[in-house]
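Heads up: the structure comes next, in structure tokens.
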Amino acid sequence: MEVRVKIIVTALCHTDVYFWEAKGQTPVFPRIFGHEAAGIVESVGEGVTELKPGDHVLPVFTGECKECRHCKSEESNMCDLLRINTDRGVMLHDGKSRFSINGKPIYHFVGTSTFSEYSVIHVGCLAKINPAAPMDKVCILSCGVSTGLGATLNVAKPPRGSTVAIFGLGAVGLSAAEGARIAGASRIIGVDLNPKRFDEAKKFGVTEFVNPKDHHKPVQEVLAEMTDGGVDRSVECTGSINAMISAFECVHDGWGVAVLVGVPNKDDAFKTHPMNFLNEKTLKGTFFGNYKPRTDLPNVVEMYMRKELELEKFITHEVGLSDINKAFDYMLKGESLRCIIRMDG
Ligand code: NAD
Ligand code: ZN
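What follows is the structure, encoded as structure tokens:
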């Protein structure tokens, strides 16, 4: 069930940097990072029927086996077999790595390892896409952009004309804003502690901004005042527990829905008064925007092809593989949304 893929372009996402820094997780070393990418199938192993050499694919850090209870459920994308596993550095089939140097293994990362000219990936972690789609654009759909977009379109589901608050205006939050724009929200309120993010966010249809630091009262109260009682939908894309609580409490009673996307710290606990639930505020969370990688990603690529979804504005930098460290610098300095890395450069 393995496929060798020639990686054409890859992009740098925060998760790569997080695992590269190896703070607080099991370090697996040496390992090839990279999980946002696009490539072409070079050869297929035994058991692979859905892909053939020449097919264009997006590798995805979480898979879809199509056979487990989750894959068979319309409501879930949390595949039992291929769900993200950040500690595993080997292939499922034989527990071995497909990369080596001087006879010693180099480990895989989240089943993708795309900072490499070729990678071996389980067929369940590859979405087959339209070969006419430009790989240097749609590669960013293989992680962050789909997560934010799906959080809004698949989970928050804002009705046309509604008011949506987005907490955190990084690549994930701006993708959630792009989802709100596509859904026809009339007001998109961006909330971030970093005012530098506001200029960029204007390109993503964010119409108003709130910096919690500019107010003496909790930001949920500020939002309630701005919106006659609360926003219709909120999407949290920060990873901060305080922002998660604010994102829930700022929705309107009776119909408001909040969606959590950010990954919290290990010891965080979510605290709110249960009366908020009795007042018919809804709290949800999502993994990879509830998209099933193989079934749904090809359709997200088609949204881009039909020009319903814009990707160009996310791509702020571009380098060749030999300059990949520059992509890390841009991200660490907070200068880039997405830096794409061309493998032939
Ligand atoms: P990012 O660091 O680029 O952006 C986060 C933004 O949140 C920053 O602009 C920061 O200033 C802002 N922020 C931080 N604390 C805040 C607060 N208390 N109030 C308001 N704004 C605050 O990150 P990103 O790449 O856009 O990712 C966002 C989150 O999504 C991360 O936690 C990431 O781990 C998570 N994520 C989740 C999934 C999933 O499937 N659930 C997938 C990918 C990423
Ligand atoms: Zn499955």
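When we follow this note's numbering, the leftmost residue of the sequence shown carries the number -11, and every step to the right adds one. Glycine included, each C-beta is placed from N, C-alpha and C at the ideal position.
Item	Value
What beta strand (DSSP E) runs, 3 residues minimum, are completely inside the segment 223 to 263?	245 to 248
I think Gly227 touches Val251, with their Cβ atoms under 8 Å apart; what is that distance to the nearest whole Å?	5 Å
Return the CA-CA distance between Asn287 and Ala(-1), expressed in angstroms with no decimal places.	21 Å
Can you list, in chain order, the residues of its chain whose CB lies under 6 Å from that of Leu394, leaving out five sequence neighbours each side?	This structure cannot speak to residue 394, because the chain is shown only from -11 to 333.
Going by DSSP in three states, Tyr279 sits in which element: helix, strand or coil?	coil
Determine the direct distance from the alpha carbon of Phe275 to that of Leu325, and round the result to whole angstroms.	20 Å
Would you mind reading off the limits of the beta strand (DSSP E) that contains Glu24?	Glu24 to Val32
Would you tell me roughly how many angstroms separate the C-alpha atoms of Asp284 and Leu69, rounded to the nearest one?	18 Å
In whole angstroms, what is the alpha-carbon distance linking Ser174 and Ala165?	12 Å
Short of 6 Å in beta carbon distance, which residues of its chain neighbour Gly35, apart from the five on each side in sequence? Order them along the chain.	Met(-11)
Here's the rule I'm using: 16 or more other beta-carbon atoms within 10 Å means buried, otherwise exposed. How should Ser88 be labelled?	exposed
Output the residue ranges of the beta strand (DSSP E) runs that lie fully inside the segment 56 to 131 and measure 3 residues or longer, sorted by chain position.	87 to 89, 92 to 94, 106 to 110 and 114 to 117
May I ask you to report which of helix, strand or coil DSSP gives Leu162?	helix
Considering Glu306, what are the terminal residues of the beta strand (DSSP E) in which it resides?	Ile303 to Gly308
Whose C-alpha, out of Val289, Asn230, Gly333 and Ala139, is nearest the C-alpha of Ala121?	Val289
Pull the bridge partners of Phe197 from the DSSP assignment, please.	Gly178
Classify Met263 as buried or exposed, calling it buried when 16 or more other Cβ atoms lie within 10 Å of its own Cβ.	exposed
Cβ of Phe276 versus every heavy atom of the ligand NAD: is any distance shorter than 6 Å?	yes
Taking only three categories from DSSP, how would you classify Glu290?	helix
Quick one: what does DSSP say Arg155 is sitting in, helix, strand or coil?	Rather than Arg, the amino acid found at residue 155 in this sequence is Phe. Strand, per DSSP.
Taking Asp256 as the reference, give the member of Lys269, Trp243, Met319 and Ile229 with the closest Cα.	Ile229
Are at least three pairs of beta-carbons, each pair with one atom in the segment 77 to 97 and one in the segment 18 to 28, less than 8 Å apart?	yes
Any contact between the segment 311 to 319 and the segment 0 to 14? By contact I mean 3 or more CB pairs, one from each, below 8 Å.	yes
I'd like the list of long-range same chain contacts for Gly158, defined as Cβ closer than 7 Å, with 5 residues on each side in sequence excluded.	Cys225
Using only the alpha-carbon positions, how far apart do Gly167 and Ile154 sit?	11 Å
Can you tell me which of the three DSSP states Glu268 falls into?	coil
In terms of residues, what are the limits of the alpha helix (DSSP H) holding Leu39?	Element bounds for Leu39: n/a, residue is neither H nor E.
Give the DSSP-derived three-state secondary structure of Lys(-6) in the structure shown.	strand
Quick one: what's Cys327 bridged to in DSSP?	His305
Below 8 Å on the Cβ atoms is my guess for Gly42 versus Ile(-4); work out the distance and round it to an integer in Å.	13 Å between Cβ atoms; not a contact.
As a quick exercise: from Thr37, Met291 and Lys92, pick the residue whose alpha carbon is nearest that of Leu137.	Met291
Between the alpha carbons of Lys301 and Ile312, how many angstroms are there, rounded?	21 Å
I need the straight-line Cα distance from His294 to Val126, nearest angstrom please.	The displayed chain sequence assigns Arg, not His, to residue 294. Distance between the alpha carbons of Arg294 and Val126 is about 13 Å.
CA-CA distance, Ala115 and Val210?	42 Å
Could you check what DSSP says for Ala144 in three-state terms: helix, strand or coil?	helix
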